[in-house]
Amino acid sequence: AKLIKLFQFCKLEGTEKLRDLYYQEDDFCAQGFCWLTMSYKNSKIEDRQSCLHSASEAFRKGRNDFMHSQTEEHIKLYRNQSMLEEKFHQKFVDLSVHQTIKKLIQEKEYKLAEELKKDCKVPDKRYWWLKISVLAEQDHWLELEKFSKLKKSPIGYEPFVDVCLKRKNKYEANKYVSKVKEENKVGYLVKLGQLEEAAKIAFESKDEELLSNIESRVVANRALKERIENMRQQLTRR
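Mapping of the sequence shown onto my numbering: position 26 corresponds to residue 33, and the numbering continues sequentially without gaps.
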């Protein structure tokens with residue numbers, strides 16, 4: 008009971024006194040959390056970094072591998088953000104990894120964004136989604152196309168079509184539709200208004216129901232409607 012009261016007293020008195028108590032108790036993990044709390048309370052970058060390093064060391068001593076790893080990652084991010092603030096004279100500290108990379112892409116600092124992605128071990132899929140979304144939002148179509156050719160997309164090419172369509176840019180979306188998975192191609196061709204191409208694929212796949220669905224979408228083009236109807240009848244006769 009006395010110990011509980013002492014802890015409550017220290018919480019009221021402040022984090023530093025509570026941390027000192029944890030030192031006496033050899034509670035390294037609790038010390039680590041105190042150091043983390045103190046780091047967020049500090050406004051000076053140097054003081055924050057010092058607290059984070061102390062937190063990391065405390066978690067290491069307490070054999071809390073998860074928190075030790077997370078704190079080390081945070082130190083790494085914080086170091087990068089501090090350098091970015093110094094270089095660009097903009098606010099980066101306290102942004103998440105996602106927000107930091109997004110800001111770099113928005114500023115067309117693609118190389119730095121890639122370096123931070125590697126340094127902070129951001130998964131390829133997450134990074135690709137973020138980059139193509141930002142590029143499309145800013146109508147940076149040439150850069151989007153260049154990025155699509157960098158290597159095989161880990162997220163496929165459907166997202167490339169999607170981000171273009173979200174910006175109502177069918178011209179750019181058409182550049183990627185040939186690369187989408189076969190099972191998704193008809194759906195995307197329909198979205199792009201390429202009904203004849205969609206019908207040909209449905210016919211080759213012998214999908215009468217899909218052909219009927221595509222035919223129902225043809226409104227003003229009577230000749231196309233007749234061609235699709237002819238395809239459908241051929242399938243019926245087989």
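Every residue, glycine too, gets a C-beta built ideally from N, C-alpha and C.
Environment of residue i [buried if 16+ CB atoms lie within 10 Å]
i, result
"Phe40", "buried"
"Lys213", "exposed"
"Gln222", "First, the residue type needs correcting, since residue 222 is Glu and not Gln in the sequence shown. Glu222 comes out buried."
"Asn87", "buried"
Reduced DSSP secondary structure (H/G/I, E/B, other) of residue i
i, result
"Leu102", "coil"
"His81", "helix"
"Cys41", "helix"
"Gln97", "coil"
"Gln241", "helix"
"Lys51", "coil"
"Cys58", "helix"
"Ser223", "helix"
Inter-residue spacing [alpha-carbon to alpha-carbon] between residue i and residue j
i, j, result
"Glu53", "His60", "11 Å"
"Lys138", "Lys158", "14 Å"
"Phe95", "Lys125", "21 Å"
"Glu246", "Lys128", "Nothing in the structure corresponds to residue 246, since the chain is present only between 8 and 245."
"Lys9", "Met90", "Unreliable positioning characterises Lys9 in this predicted model, as indicated by a pLDDT of 38, which lies under 50. A coordinate reading is not provided."
"Met45", "Glu93", "23 Å"
Proximity to residue i [Cα-Cα], best of the options
i, options, result
"Glu80", "Met90, Gln201, Val104", "Val104"
"Lys188", "Pro161, Ala230, His75, Thr78", "Pro161"
"Tyr117", "Arg55, Trp135, Asn176", "Trp135"
"Cys36", "Asp146, Glu215, Glu64", "Glu64"
"Glu144", "Asp169, Asn191, His75, Phe210", "Asp169"
message = Measuring CB atoms only, is the stretch 60-69 touching the stretch 100-118, in the sense that at least three cross pairs come out at less than 8 Å?
response = no
request  = Say whether the stretch 200-213 touches the stretch 226-234, bearing in mind that this needs 3 or more beta-carbon pairs closer than 8 Å, one atom from each stretch.
outcome  = Between the stretch 200-213 and the stretch 226-234 there are three or more C-beta pairs closer than 8 Å, enough to call the two in contact.
Contact the stretch 187-199 vs the stretch 154-172: 3+ CB pairs below 8 Å = yes
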